[in-house]
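Student: Anchor point for the sequence shown: position 35 equals 45 in the working numbering, and the numbering is continuous, going up by one each time.
A virtual CB, placed ideally from N, CA and C, is assigned to each residue, including glycine.
Predicted model only: the values in this text are computed from it and were never measured.
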Amino acid sequence: MVEEIQRRLLDKTGKHVEVMVYGDGAFKDPVGKIWELADPVVSPAYTPGLEGTPNELKLKYLADNDFADLSGEALREAIKERIHKKDGDLVGQMVSEGTTPRRLTDLIGSLCDLTSGSGDKGTPIVYIQGYFDNYTAE
11 MVEEIQRRLL
21 DKTGKHVEVM
31 VYGDGAFKDP
41 VGKIWELADP
51 VVSPAYTPGL
61 EGTPNELKLK
71 YLADNDFADL
81 SGEALREAIK
91 ERIHKKDGDL
101 VGQMVSEGTT
111 PRRLTDLIGS
121 LCDLTSGSGD
131 KGTPIVYIQG
141 YFDNYTAE
């Protein structure tokens with residue numbers, strides 16, 4: 011199905027668009043009072059261009075640890091410089107560890123669920139453009 015949607019979008023627009031079906035289920039645990047993901051698989055179907063794992067620096071980790079003495083413009087510039095210097099593989103480094111999902115599709119699916127606001131009313135189409143762009147590239 012996702013490949014067919016991708017093909018149709020390419021045919022109609024001339025643009026290559028990655029497509030993903032994501033789980034839209036979350037519920038508030040009545041005991042712990044926290045939101046839990048109800049779907050065991052966040053992204054049951056997606057096009058091959060969405061395969062992979064996040065390889066990004068945790069900005070909060072940098073701000074809280076490596077640059078705890080900086081703020082404002084100095085902090086922004088320090089983080090920007092660190093992003094420019096990051097090596098190719100951050101797996102296993104504390105600066106990239108944490109609660110971020112280990113697959114891109116899980117990360118994007120979670121972001122879609124957070125931004126859609128659909129609850130149990132059905133899953134809307136969420137269009138993400140430029141998510142993988144490096145904001146420090148000038």
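I'd like to confirm the pairing. Which residues does DSSP put opposite Val31 in its beta bridges?
Tutor: On the sequence shown, residue 31 is found 21 positions in, with the first residue counted as 1. Val31 pairs with Ala55.
Student: Which class does Ser106 belong to by DSSP, given the choice of helix, strand or coil?
Tutor: Along the sequence shown, read from residue 1 onward, the residue named residue 106 stands at position 96. Note: Ser106 maps to helix in three-state DSSP.
Student: Whole angstroms is fine: what's the gap from Glu87's alpha carbon to Ser106's?
Tutor: Reading the sequence shown from its first residue, position 77 is the one you call residue 87. Reading the sequence shown from its first residue, position 96 is the one you call residue 106. The straight-line gap from Cα to Cα measures roughly 19 Å.
Student: Using a Cβ-Cβ cut-off of 6 Å (strictly less than) and excluding sequence neighbours within five positions of Glu28, which residues of its own chain qualify?
Tutor: Numbered from 1 along the sequence shown, position 18 holds the residue referred to as residue 28. Thr57, Gly59 and Leu60.
Student: Name the two residues that bound the continuous alpha helix (DSSP H) containing Asp79.
Tutor: In the sequence shown, residue 79 corresponds to position 69, counting from 1. That residue, Asp79, is in no alpha helix (DSSP H); it is neither H nor E in DSSP.
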